[in-house]
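As C-alpha cells, the structure follows; a few thoughts come after it.
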Amino acid sequence: MIDPPADPGPAVAWERLHPLSPLIGGGRRGASLILVLLVAAAIHQKGAGGSPSVELVVLVAVLVLGLVRWLVTRWSFDGFMLRVDTGLVRRDSRRLPVARIQAVDMVQPLLARFLGLAELQIRLAGAGKDSRLAYLHVERATRLRSALLAAHHGLDPATPEPAEQAMAVVPARRLVGSVALSAPTAILVVLVLALIVLDDVSARAATAVTAVAFVYLLGLATAIWRRFNGQYGFTVANAPDGIRVRRGLVGTVAETIPLHRVQAVRQIEPLWWRPFGWCRLEVDLAGAAGRDRGAGPAHVTKTLLPVGSRSLAEALRTSVIGAVGFEPEPPPRRARVKAPLSYHFLAAGHDDSIAAAVTGRVCKVTCWVPLEKAQSVRRVQGPLQRRLGLATVYVDAAGKRVDVAFRDRDAPETERLVDELAASSRLARRHALPDPPRPPSRINGVG
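Each residue of the sequence shown is one higher than the last, beginning at 1 in the working numbering.
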C-alpha cells in the first residue's frame, strides 16, 4: 500500500471552476441582481435619465469581485486528496483527504440550472464548515462527486457510482395539502380574513394595519413558498454512501444522509394531519456548526420525509436505524397529577439497541435514539415528582435538543433504568465499532 505524497508537487493537474461562475455568484444573489438591473433599465428607458444606476454599479462590482475570485481559485483531485486554493490578499489552501469525507452534495440554483452548472458541497468529519466548488459543469461535477465517494470507500475513483434504489417519492398533491394544513398557512389565512373584516368596518384603520402587517404577511408567504419550493419533487433513495435525497422546484438539491452520522430519528404528527394519517420524518446528524448553520450545537436536522403515511415513515426509519421491536409504555396513573393534559400522550420504552419516547398533545412527536449514539444517561427528579414518587430519565444524544425522555416514571424504576440504559449503551457501542477505513491505492487521471 502506497502512502499519498505530502506535497502535491509540479505533477498535480490544477483545474479552474467554470468561466460562468462569476455570473452566478451566490446563485440566488446573482439572479436577484440581474432582475434589479432589468427593472432599473426599464425605469431609465421611461425618461429617468441615461446615467448609470446604483444597481448597475453594484452588479458590476459583484461581477468584478466574482471574476477576481474565479481567477485566484483552482482545484485538483489525485485520488487521495481534494485540493482547493483560493484567495487574493489572504490565501486559503485547503487539503481535503478522501478518508474524512462525510458526504458530497450537489446543488443547482435556478440560474445554474439554466447554464448547466452545479455546485459541490463537501462535508468533512470535524470540519468547521463545508467546502464548496461553485461552479462546475454538471457532468464534471457528477464525475468528480462519484470519484470522491469511490475513493472514500477504497475503490478506484474511476469506478462508476452504483445505481440508487428509489425508496419513496412525495406526490405534489400531498405536498400541497401538507403545506396548506401547516401553521404558517393557517396564520396567513387568519390575518388576511381579519384585514378583510377590518376593511369592511373602517377602511382607514384597515390601511394603517395593513401597512404594519405587511412585513408579517410577506414573511409568512415567503416561509410557505420556501417550504413548497424546497420540498417539491422530494425523492428518497438508498445509495452506497447513505440515504440520497433529491428535492427542489426552482433550484434542485441532491444531498446525502450518511447513516453513521444519524443521532436520532423523529416522527412528527401535527393535529391537523392525523385524520389523513400523515406524518413528517426527520433525522438529527452529528456535525460541526458551520457558516451555513451559524454558531450552535454540533448537530443539524435533515428532513427524511416531508409528508407521508405512517407505514412509509416506518419503512424509512427501519432503513436508517433498524427495526424497533417494542412498544413504548405509559407512565403510572399518578403522573396525571403532574401532567393532566399530556398524560395520555406520554410513553417511553427501550430494548438493547434503541430507546424511544412519545410526547405532545397538539403535535405528537415520537423520537428514537440508537443507544450506541447516547452521550449520557441522567435522572432528574423535581419537587412535585419527589412527593409523587416519580422521576424522569433522559437519554441524551449529540445536540442540545436531541434526547429521549422517560417522563414521570416510578422512582425505583428510573434507578433501574439508568443502569440498564448505561449498560446497553456501552454494549451497543462495542458492537457498532466500525472497521478502520481503507486508504485508496494511488491512481492517476482521476475524474
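Ideal Cβ placement from N, Cα and C applies to all residues, glycine included.
> Do you know how far the Cα of GLY248 is from the Cα of ALA134?
Replying inline: ALA134 and GLY248: Cα-Cα distance of roughly 18 Å.
>> Cutting at 8 Å between CB atoms, please list the residues of its own chain near HIS431, excluding the five before and the five after it.
In response: Counting only Cβ-Cβ distances below 8 Å, and skipping sequence neighbours, we find GLU372.
> Can ALA391 and ARG379 be called in contact, C-beta distance under 7 Å?
Replying inline: Yes. Within cutoff.
> Is the beta carbon of ILE354 less than 7 Å from the beta carbon of VAL265?
Replying inline: Cβ atoms of ILE354 and VAL265: not closer than 7 Å.
> Secondary structure at GLY177, three-state DSSP: helix, strand or coil?
Replying inline: Three-state DSSP puts GLY177 in a helix.
> Is it a yes or a no for the region 182–200 touching the region 148–166, going by three-plus beta-carbon pairs under 8 Å?
Replying inline: Flag = no, the region 182–200 and the region 148–166 do not touch.
> Does the pairing of the region 268–279 with the region 359–373 give three or more beta-carbon distances under 8 Å?
Replying inline: The region 268–279 makes contact with the region 359–373; the number of CB pairs closer than 8 Å reaches 3 or more.
> To the nearest whole angstrom, what separates the beta carbons of LEU449 and PRO22, a pair I think is in contact under 8 Å?
Replying inline: Outside the shown range of the chain (1 to 447) lies residue 449, about which nothing can therefore be said.
> Can you tell which of PRO258, MET106 and LEU65 has its C-alpha closest to the C-alpha of LEU88?
Replying inline: Nearest of PRO258, MET106 and LEU65 to LEU88, Cα basis: LEU65.
> Roughly how many angstroms lie between the CA atoms of CYS279 and THR222, to the nearest whole one?
Replying inline: Near 23 Å, if we compare the C-alpha coordinates of THR222 and CYS279.
>> Assess contact between the region 181–194 and the region 203–221, defined as three or more Cβ pairs (one per stretch) separated by less than 8 Å. Is contact present?
In response: Touching, yes, given that three or more Cβ pairs across the two stretches are closer than 8 Å.
> So VAL404 is in the beta strand (DSSP E); what residue range does that whole segment cover?
Replying inline: Looking at the DSSP string, the run of the beta strand (DSSP E) that includes VAL404 is 403–410.
>> Using C-beta distances below 6 Å, list every residue in its chain close to LEU20, excluding the 5 sequence neighbours before and after it, in chain order.
In response: Excluding residues within five positions, the ones whose Cβ falls inside 6 Å are LEU115.
>> Just to confirm, is the Cβ distance from ALA357 to ALA348 under 7 Å?
In response: Cβ distance < 7 Å, so ALA357 and ALA348 count as in contact.
> By how many angstroms is the C-alpha of ARG429 removed from the C-alpha of GLU415?
Replying inline: Cα to Cα, the separation comes out at about 22 Å.
>> Quick check on the DSSP output: what are the complete alpha helix (DSSP H) runs of length 4 or more inside the region 202–252, in order along the chain?
In response: DSSP assignment within the region 202–252 yields the following whole alpha helix (DSSP H) runs of 4 residues or more, N-terminal first: 203–231.
> Of the choices PRO162, ARG226, LEU421 and ALA118, whose alpha-carbon is the least far from that of THR142?
Replying inline: When each option's Cα is compared against that of THR142, the closest is ALA118.
> Hey, PRO332 and GLN231: beta-carbon distance below 7 Å or not?
Replying inline: One thing to note: PRO332 has its Cβ no nearer than 7 Å to the Cβ of GLN231.
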